[in-house]
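Listed in order, the protein sequences are those of chains P and Y. Going left to right, the first sequence walks through residues 14 to 413 as my numbering numbers them. Going left to right, the second sequence walks through residues 1110 to 1495 as my numbering numbers them. Glycine residues also receive a C-beta, built at the ideal position from the N, C-alpha and C atoms. Remarks on the structure that follows.
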Amino acid sequence: MAVQDASATRLADKPPKVAFWNDPVKRGYLFQAILFLVVAFLIYEAAANAIENMRKQNIASGFGFWNVTAGFDIGQRLIEYSNTSTYGRAFWVGLLNTLLVASIGIVLATFLGFVIGIARLSRNWLVQKIATVYVELIRNTPLLLQLLFWYNAVLKALPEVRNSAALPGGSFLNNRGLFMPDPTFGENFRFVVLAFVLGVIGCFIYGRWAKKRQDETGAQAHYLPVAIGLILLLPLLVYFLAGQPMTLTYPNLGRFNIQGGLQIFPEFVALVVGLVIYTAAFIAEVVRAGIQAVSRGQTEASYALGLKPGPTLDLVVIPQAMRVIIPPLTSQYLNLTKNSSLAVAIGYPDLVQVFTGTVLNQTGQAVEVIAITMLVYLTISLSTSLLMNWYNSRKALVER
Amino acid sequence: MSGTATSPAQSVAFVRATPAQVLPPPASMVGVVGWMRQNLFSSPANTVLTLAMALLTLWVLPGFISFLITDAVWSGADREACIARNGVVPGACWAFVRDRLNFFIYGFYPIDQRWRVDLFFLLGAIGVAWMLWQKAPRRDIGFYYFVLVLPIVSFFLLSGSSILGLAPVDTARWGGLMVTLVVAGVGIVASLPLGILLALGRRSKLPVVKFFSVLFIEFVRGVPLITVLFMANTMLPLFLPDDITVDKLLRALVGIGLFASAYMAEVVRAGLQALPKGQYEGAMAMGLGYWQMMRLIILPQALKITIPNIVNTYIGLFKDTSLLLIVGIFDFLKAIETARVDPQWAAPTTSATGYAFAAIVYFIFCYGMAVYARSMERRLSVGDKR
């Protein structure tokens, strides 16, 4: 018995000998080693070829071009830029223009998308059908086609400068864009800004206090009027108290051009309109799916407790739907940001148009320029993903 | 009530013994009026909303119809047909589309060789019908026809081959809808197997495989397609040895194919994750190896539940082919862009007509795929219903 036991344990200690190609662990190592070598070889070959080809074609390498004078103009810019600025400066102009379009687009697309998403679930037949037609029509045609349509067929068809349409408030609309009064801020305007910041902080504090009071006593606070008073009326009051420290420069309609004023470029308008209308259709579907994911029992229970349809949507449906909505909504925001690179097709000076377009053509340094551009988009995408994962983990349903 | 043995109907004279006649619902609750009261005018707010939307529809729809149909110009030889007469601008200039239709479809493909493109369309249509029609005979052959025979035959058919006696046609002369369909087709055929491999790699237990898969997927999904196309266009020639020149269309195909496969990988991964662990364990308990398990047990189920999402990815891919015009490929949208600025057809509504036509064509393809995806979704959910 004892001998038998000993031999049995010895057998268990020593697994039967198998050929290494039949051992999943060893085979795994081998496979990984091969894959690693293949990838490394491909990267090495590509790099060697690139260096060789660039040497032959006399393309400079490195990031020395960053501080070289660019020598081209950019129509729309948020920071100082002229044709004597450097390529590096052009990069920042392009990046800021991308971020401007993306942030405005995200705000407007969210608003429109939620409206249409809720309209798609409306019990009103006409509203629901119109929303459905909108979503199907927009989602099934390419964004680029829509952008070209807005730019070439709508905005370029506006009247020429001399026939500009005069809008109320001293603005002009023509095929070079929308010309609006340009505000110049005086010394005392900082008080208005200060009042606005204080208003926002005050709103936040009031909200915390109101929630605490409601949790303790059940008394509901009138949040909206207080918020309007603090954020809108307070700065307005300070504005008049400070002696209206803002002057408007009105655009001047000349024979061939418009002098002064704030010009909003048609490229910008076309891009924002196109992106908002396109992304809103996708956001609408996300919102619809999110609301439908909340079971009917939740709504019915809420009605049974005596809540009206409005509060039911506010307090019961939307908070639960948001859990489902947030992750795909984030990816729609990222899609909008990435899609803003289609600006290159209508000539809006975003990152891709300025940097991957003009700078690449002038310097010929494809590797560096494309690497920088991709790095920017990767940084935006990955940091947004991280932020949203963090938010999601906070908001996720805590189960028993 | 309590204690009485006789039924109420017998003891109380005024209780009726037979059920009352069911009255028809009030006239205002049935038929057209009832439907309208329920769906359009259920509350004051709803009534206001309905009226506002009806006004909006009445404002937009007649303009659309008159532009596209009633005021449109249907025939004519050049711009004279579509320019304003007596200060009145006519509607859509369909004469322009009719005149340029061949250009939109074939681009600069030699006129006497265009039957080859037509044959390609026919073969493609047969392949698509064979794959999609659930009751078609021998769908297994249809699959191989679609992923193997069709690409090879199409390649020789379109680019030419001396053995078959077909004159070579340079890809620079390809254009229009044909290029859009070629690129979309290659993307569709190539992205699924690549995407499956990447998805399996991402879920692999081997760290090196997983690392490369995650790196590739996250990298491609984090950047816009246009930068991938720029990269394929300008950097691919740099990375290859001097003596290899890559065709411009092929570069774009590589870019689109890699881009689509990264998105496909995430779709397939979602399907793999949706399968219960028991399926994997069951397959392993049966003694199946990794590839046997994937091929026979896991992938058939995972792909089945992701068919709607795969088709949605294809819709995105089809729309994305329009970006090729930015890197100078002569696709369908580029053909429209070129034709609409042609002075021969310079008229006020030429651009809008061109875009309307492009929108209709893209819509037909994409909406067709969407309808198919929805019907598949319904079919697949039938089996899971209890």
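Per DSSP, the unbroken alpha helix (DSSP H) holding P:G212 starts and ends at F202 to T230. In this structure, P:G118 is the residue among P:T99, P:A63, P:G118 and P:Q141 with its C-alpha nearest to the C-alpha of P:V285. Here P:F192 is bridged, per DSSP, to P:F185 and P:Q276.
Looking at the backbone, the Cα of P:A46 and that of Y:F1213 are separated by about 50 Å. Cβ atoms of P:F278 and P:G190 come within 8 Å of each other, at about 5 Å. In this structure, DSSP gives Y:M1138 a helical state, which the three-state scheme calls helix.
Chain-order list of chain P residues neighbouring Y:N1155: S135, R136, N137 and V140, by C-beta distance under 9 Å. For the 8 Å CB-CB criterion, P:R301 and P:K408 do not form a contact. DSSP assignment within the stretch 97 to 151 of chain P yields no whole beta strand (DSSP E) run of 3 residues or more. Within the stretch 1473 to 1491 of chain Y, the residues whose Cβ lies closer than 8 Å to some Cβ of chain P are C1475, Y1476 and A1479, listed in chain order.
Between Y:P1199 and Y:V1182, the gap from beta carbon to beta carbon is short of 8 Å. When CB distances to chain P are screened at a threshold of 7 Å, the residues of the stretch 1331 to 1355 of chain Y falling below it are G1331, V1332, P1333, I1335, T1336, F1339, M1340, T1343, M1344, L1347, F1348, L1349, P1350 and D1351, in chain order.
Rounded to the nearest angstrom, the Cβ distance from P:T397 to P:L342 is 11 Å, too far for a contact under 8 Å. Inclusion of Y:I1326 and Y:E1375 in the CB contact set at 8 Å is warranted, their separation being smaller than that value. Under the Cβ criterion of 8 Å, P:I385 is not counted among the residues facing chain Y.
Against chain P, the beta carbon of Y:T1159 has neighbours under 8 Å at N137, L139 and V140, listed in chain order. Under the Cβ distance rule, Y:A1201 does not count among the residues neighbouring chain P, no pair being separated by less than 8 Å. For Y:M1403, there is no enclosing alpha helix (DSSP H), as DSSP marks it with neither H nor E. Y:F1150 carries a coil assignment under DSSP once its states are collapsed to helix, strand and coil.
Residues of the same chain with a CB within less than 6 Å of the CB of P:A294, apart from the 5 flanking positions on each side, are V148, I151 and R152 in chain order. Under the Cβ distance rule, P:K39 does not count among the residues neighbouring chain Y, no pair being separated by less than 8 Å.
Taking the Cβ atoms as the reference, Y:S1370 lies roughly 13 Å from Y:G1425, outside the contact range of under 8 Å. CA-to-CA, the gap between Y:I1297 and Y:L1338 works out to about 17 Å. Ranked by Cα distance from P:G274, the first of P:G310, P:V206, P:V140 and P:M193 is P:M193.
As the crow flies, the alpha-carbon of Y:N1342 is around 13 Å from that of P:G377. Its chain contains no residue whose beta carbon lies nearer than 6 Å to that of P:V282 once the 5 sequence neighbours on both sides are disregarded. Listed along the chain, the chain Y residues whose CB falls inside 9 Å of the CB of P:F44 are L1315, V1317 and V1318.
Sixteen is the threshold: when 16 or more other Cβ atoms of the shown chains lie within 10 Å of the Cβ of P:A122, as they do, the residue is buried. Sequence-ordered contacts of the stretch 327 to 351 of chain P with chain Y read K351 [C-beta pairs closer than 7 Å]. DSSP places P:M335 in the uninterrupted alpha helix (DSSP H) bounded by I331 to N352. Contact between the stretch 1221 to 1239 of chain Y and the stretch 1464 to 1482 of chain Y is absent: fewer than three C-beta pairs spanning the two stretches fall below 8 Å.
P:F124 sits exposed, since fewer than 16 C-beta atoms from the chains shown fall within 10 Å of its C-beta.
Contact holds between the stretch 193 to 205 of chain P and the stretch 251 to 261 of chain P, because three or more Cβ pairs, one in each stretch, are under 8 Å apart. Using a 10 angstroms sphere on the CB of P:F185, the tally of other CB atoms reaches 16 or more, which defines it as buried.
According to DSSP, P:V81 shares a beta bridge with no other residue. Bridge pairing for P:L261: P:P196 [DSSP].
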